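These notes concern the structure reproduced below.
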Amino acid sequence: MSFHGWTGSGKNYLAKMIAKAIYKKAMRSQFVHQYVATHHFPNVEETDKYKEQLRTWIRANLSNCERSLFIFDEMDKMPIQLLDAIVPFLDFYDHLNGIDSLMEEIIQISAYNEGEGGLKSSRLINKHLIDYFVPFLPLERKHVVMCFKDYLRSLNVNYTPEQLERLVDSISYFPRETPIYASAGCKQVVQRTDFMLDDLIRESRLAINNYSDEL
Numbered sequence: 656m657s658f659h660g661w662t663g664s665g666k667n668y669l670a671k672m673i674a675k676a677i678y679k680k681a682m683r684s685q686f687v688h689q690y691v692a693t694h695h696f697p698n699v700e701e702t703d704k705y706k707e708q709l710r711t712w713i714r715a716n717l718s719n720c721e722r723s724l725f726i727f728d729e730m731d732k733m734p735i736q737l738l739d740a741i742v743p744f745l746d747f748y749d750h751l752n753g754i755d756s757l758m759e760e761i762i763q764i765s766a767y768n769e770g771e772g773g774l775k776s777s778r779l780i781n782k783h784l785i786d787y788f789v790p791f792l793p794l795e796r797k798h799v800v801m802c803f804k805d806y807l808r809s810l811n812v813n814y815t816p817e818q819l820e821r822l823v824d825s826i827s828y829f830p831r832e833t834p835i836y837a838s839a840g841c842k843q844v845v846q847r848t849d850f851m852l853d854d855l856i857r858e859s860r861l862a863i864n865n866y867s868d869e870l
């Protein structure tokens, strides 16, 4: 599966949901393996070395569990052709060096299939080895509201409609003429909430005290 979409539109969130549905420990399972391009494969000049490392990692993890889940994040930032290293594991062979190489669970999370990195010109595309391409559309303001509500609920924090509106307004939207879509989706929800959390709690306590004084 290949996930494509705007920043903060839910690609990683869905990947975590899939991991949770498959493994008891979800993302903490020893059989879930996540690779972030800018962290694991930062230098284009070392693509050949990364290819060998990737093959070694996958082969070792498949030896431990043939139903391992591999998540590749920021694929648009990966060196060109790096993902060709996993083609032998996907190309419908029964065994590769004695290892069951049909990787049943592969998630590839990328921003876009464009530019000079990631999936562009990859044999994963040319050989039709990706079963599903899943688009993630930009999130609207109403979706950002839902994200803030969900996070505030997880913190067990009371808030007023005005406070919620203030949080939602702290996010940037586009286009300028009709700002409908969140520039970073829900990616900044946690950061913005945590930044304003002390003020929210203090205002809520003050409102409760004022209400109690009026009784």
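Under my numbering, think of the first position of the sequence shown as 656, with each following residue one higher.
Note that beta-carbon positions come from the ideal geometry of N, C-alpha and C, so glycine has one too.
None of the values given here were measured: they were computed from a predicted structure.
Next item on the list: From the DSSP output, in three-state form, read off Ala670 for me.
Entry: helix
Next item on the list: Note down, in chain order, each residue of its chain lying with its Cβ closer than 8 Å to the Cβ of Glu707, except the 5 sequence neighbours on either side.
Entry: Ala740
Item checked: Candidates Tyr705, Ser657, Met851 and Val691, of which the one nearest Leu810 by Cα -> Met851
Next item on the list: Output yes or no for whether 8 Å exceeds the beta carbon distance between Ser723 and Phe686.
Entry: yes
Next item on the list: Kindly give me the distance between the Cβ atoms of His659 and Val742, rounded to whole angstroms, as I take these residues to be in contact under 8 Å.
Entry: Incorrect: roughly 20 Å between the Cβ atoms, too far for contact.
Check: Do the CB positions of Gly665 and Ala837 come within less than 8 Å of each other?
Finding: no
Check: When the distance is taken between beta carbons, is Ile726 closer than 8 Å to His694?
Finding: no
Checklist line | Coarse secondary structure for Val789, derived from DSSP in three states | finding: strand
Note to self: Can you tell me whether Gln846 is helix, strand or coil according to DSSP?
What the structure shows: helix
Notebook entry, point to check: For Phe876, which beta-bridge partners are listed by DSSP?
Noted result: With the chain represented from 656 up to 870, any question about residue 876 goes unanswered, as that position is not in the structure.
Check: Using the beta-carbon count (16 or more within 10 Å), is Tyr787 buried or exposed?
Finding: exposed
Next item on the list: Tell me where the alpha helix (DSSP H) around Ser718 begins and ends.
Entry: Thr702 to Asn719
Item checked: Leu855 versus Val812 - alpha carbon distance -> 8 Å
Margin query: At the level of alpha carbons, what is the spacing between Arg683 and Cys720?
Written below: 15 Å
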